[in-house]
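Colleague:
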Amino acid sequence: MGGPRITTVDDGEWQEVRRIGFADGRTASVQERWLDFSPRFLSLVARWDPGMMIHAHGHRSNHVVFVMEGELRCGEVVCPPGTHIALDEGDAFGPFVAGPDGAVLFEVMMGDPRSVPTDPEGWEQMLKSHEAVQLPNPPIDMPEWLEDTRSR
49 MGGPRITTVD DGEWQEVRRI GFADGRTASV QERWLDFSPR FLSLVARWDP GMMIHAHGHR
109 SNHVVFVMEG ELRCGEVVCP PGTHIALDEG DAFGPFVAGP DGAVLFEVMM GDPRSVPTDP
169 EGWEQMLKSH EAVQLPNPPI DMPEWLEDTR SR
């Protein structure tokens, strides 16, 4: 029987997990600091650059997002600090757009954290309307027991 695993937001390394580019040469990304990552759950802090966008998607597990700083739009809903977003396994949410000051989130995924895109055509239209392109996913340090499927 084990005890608690205690970490702080300063433990671990930030990893850039998604990146987009804009026609004016700017890039925006999401960086995550994984606080605890096991087959049972992933808890993390995420920093979104201003204007960062992520496609509508679902997860292979229940997922909770809490907005700590900044602003995040989920679909048509603007989510200021203090907003709690809960997503059941198999459901979808998004697309997401970070506000003008970016956003800082706390997230927990209870099970397989990998995402499944749900509206590729809508995502392409959204990128085009913002004069943006999806850039290749940066390499990340995944646990050996979990395959990185972000490029699929």
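Numbering-wise, this note's numbering comes out as the position in the sequence shown, counting from 1, plus 48.
Even glycine gets a Cβ: it sits at the ideal position worked out from N, Cα and C.
Under 7 angstroms Cβ to Cβ from LEU92, same chain only, skipping five residues before and after it: list those, please.
Modeller: In the sequence shown, counting from the first residue as 1, residue 92 sits at position 44. Counting only Cβ-Cβ distances below 7 angstroms, and skipping sequence neighbours, we find GLU80, ARG81, TRP82, LEU83 and GLU155.
Colleague: Considering Cα atoms alone, identify which of THR131, ASP189, ARG108 and GLU172 is closest to GLY159.
Modeller: Here residue 159 refers to the residue found at position 111 of the sequence shown. Nearest of THR131, ASP189, ARG108 and GLU172 to GLY159, Cα basis: ARG108.
Colleague: Under the rule that 16 or more other beta-carbon atoms within 10 Å means buried, what is GLY138, buried or exposed?
Modeller: For the purposes of this step, residue 138 is taken as the residue at position 90 of the sequence shown. GLY138 should be labelled exposed.
Colleague: Compute the Euclidean distance between the alpha carbons of GLU125 and ALA104, then round it to the nearest angstrom.
Modeller: Sequence index remark: in the sequence shown, residue 125 carries index 77 (1-based). Sequence index remark: in the sequence shown, residue 104 carries index 56 (1-based). In the sequence on display, residue 125 carries Val and not Glu. Each residue's Cα considered, the two are about 13 angstroms apart.
Colleague: Check GLU175 in the structure and name its three-state DSSP category.
Modeller: Counting from 1 along the sequence shown, the entry for residue 175 is found at position 127. In the sequence as presented, Glu is not what sits at residue 175; that position holds Leu. In this structure, LEU175 counts as helix in the three-state DSSP scheme.
Colleague: Label ALA71 either buried or exposed according to how many other C-beta atoms from any shown protein chain fall within 10 Å of its C-beta, with 16 as the threshold for buried.
Modeller: The residue labelled residue 71 in the question sits at position 23 within the sequence shown. Classification for ALA71: exposed.
Colleague: What's the C-alpha gap between ALA146 and GLY51?
Modeller: As a first step, residue 146 is located in the sequence shown; it is residue number 98 there, counting from the start. As a first step, residue 51 is located in the sequence shown; it is residue number 3 there, counting from the start. For ALA146 and GLY51, the distance between alpha carbons rounds to 37 angstroms.
Colleague: Going by beta carbon distance, what residues of the same chain come within less than 6 angstroms of ASP167, once the five residues before and after it are set aside?
Modeller: Against the sequence shown, residue 167 aligns to sequence position 119. So the qualifying residues of the chain are ALA104.
Colleague: Going by the DSSP bridge assignment, what does HIS107 pair with across the sheet?
Modeller: The residue labelled residue 107 in the question sits at position 59 within the sequence shown. HIS107 is bridged to SER163.
Colleague: Anyone know if the C-beta pair for VAL181 and GLY99 falls short of 8 angstroms?
Modeller: Within the sequence shown, residue 181 is the residue found at index 133, counting from 1. Within the sequence shown, residue 99 is the residue found at index 51, counting from 1. Cβ atoms of VAL181 and GLY99: not closer than 8 angstroms.
Colleague: Compare the C-beta of ALA140 with all C-beta atoms of chain B and state if any pair is closer than 8 angstroms.
Modeller: Of the protein chains in this structure there is only one, and it is not chain B.
Colleague: With burial defined as no fewer than 16 other Cβ atoms inside 10 Å of the residue's Cβ, what is the status of MET279: buried or exposed?
Modeller: Coverage of the chain is limited to positions 49 through 200, which leaves residue 279 absent and any answer about it impossible.
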